[in-house]
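Reviewing the structure listed below.
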């Protein structure tokens with residue numbers, strides 16, 4: 241669809257009562273003139289929030305422009321901080337680009353930057369403490385997501401499921417007790433916590449061990 245067609249559909253959604261729009265993918269930053277689309281959507285009367293989920297690879301050069309165009313929040317999907325594991329999981333050797341994108345997002349002034357981490361046993365569960373440290377050092381919401389096999393290929397990885405309870409135990413063993421925060425705007429299905437003295441927050445999305453579909457607000 242052209243930008244104008246997307247904006248028309250978005251305007252109809254807002255007119256029907258929708259308040260928030262999230263650009264996802266695929267990878268939304270691959271779309272030609274994504275900054276122009278953000279500007280067009282943000283101009284829709286009644287739209288309260290415009291967010292984006294991205295792998296962050298192109299964010300280094302676009303974060304400031306996207307913020308200036310009106311993008312409010314950004315979620316970055318990054319499951320590992322280890323270059324070899326990143327290449328194994330994504331097929332790309334571009335961890336440095338993803339990291340630079342995260343840093344650019346933090347500097348751009350978005351109302352919130354979230355880091356989505358799908359925890360998988362034997363792949364990145366040993367990095368949980370490193371991700372926790374990011375929430376202590378940066379104004380960043382690190383969200384640990386349970387791996388949820390959804391197709392034939394991922395079902396073969398059922399052994400990789402690492403529950404929220406297991407993740408939370410590692411966090412609290414390393415850094416002390418977590419304090420749960422009241423549900424806030426934009427928290428979605430996550431239960432959100434904070435470590436003592438941390439600049440950011442930690443969220444848990446328990447799609448496998450604690451189904452949240454009954455309270456879903458997604459369209």
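Numbering (our numbering), first residue to last: 241 to 459.
Every residue, glycine too, gets a C-beta built ideally from N, C-alpha and C.
Bear in mind the structure is a predicted one, so any value in this text is a computation, not a measurement.
Contact under 9 Å by Cβ, residue i with residue j
i	j	result
residue 317	residue 326	no
residue 277	residue 246	yes
residue 387	residue 360	yes
residue 279	residue 309	yes
residue 304	residue 344	yes
residue 439	residue 418	no
residue 445	residue 429	yes
residue 340	residue 299	yes
Contacts around residue i, its chain only, beta-carbon distance under 6 Å, and the 5 residues preceding and following it disregarded
i	result
residue 411	372
residue 287	254
One or two residues paired with residue i in a DSSP bridge
i	result
residue 444	384, 431
residue 419	434
N- and C-terminal bounds of the beta strand (DSSP E) containing residue i
i	result
residue 267	That residue, residue 267, is in no beta strand (DSSP E); it is neither H nor E in DSSP.
residue 313	313 to 317
residue 292	289 to 294
residue 352	352 to 359
Selected residue, minimal CA-CA separation from residue i, among the options
i	options	result
residue 273	260, 244, 363	244
residue 319	241, 433, 268, 368	368
residue 384	399, 364, 377	364
residue 322	307, 351, 338	338
residue 406	366, 374, 424, 420	366
Span of the alpha helix (DSSP H) around residue i
i	result
residue 403	Element bounds for residue 403: n/a, residue is neither H nor E.
residue 282	274 to 282
residue 347	335 to 348
8 Å CB neighbourhood of residue i in its chain, flanking five on each side removed
i	result
residue 259	286, 287, 288, 289
residue 413	none
residue 376	415, 435, 437, 438, 439, 440
residue 443	354, 381, 382, 383, 384, 427, 430, 431, 432, 433
residue 291	260, 261, 262, 263, 311, 312, 313, 314, 315, 426
7 Å Cβ shell around residue i - same chain, five flanking residues per side excluded
i	result
residue 362	400
residue 307	348, 349, 350
residue 409	none
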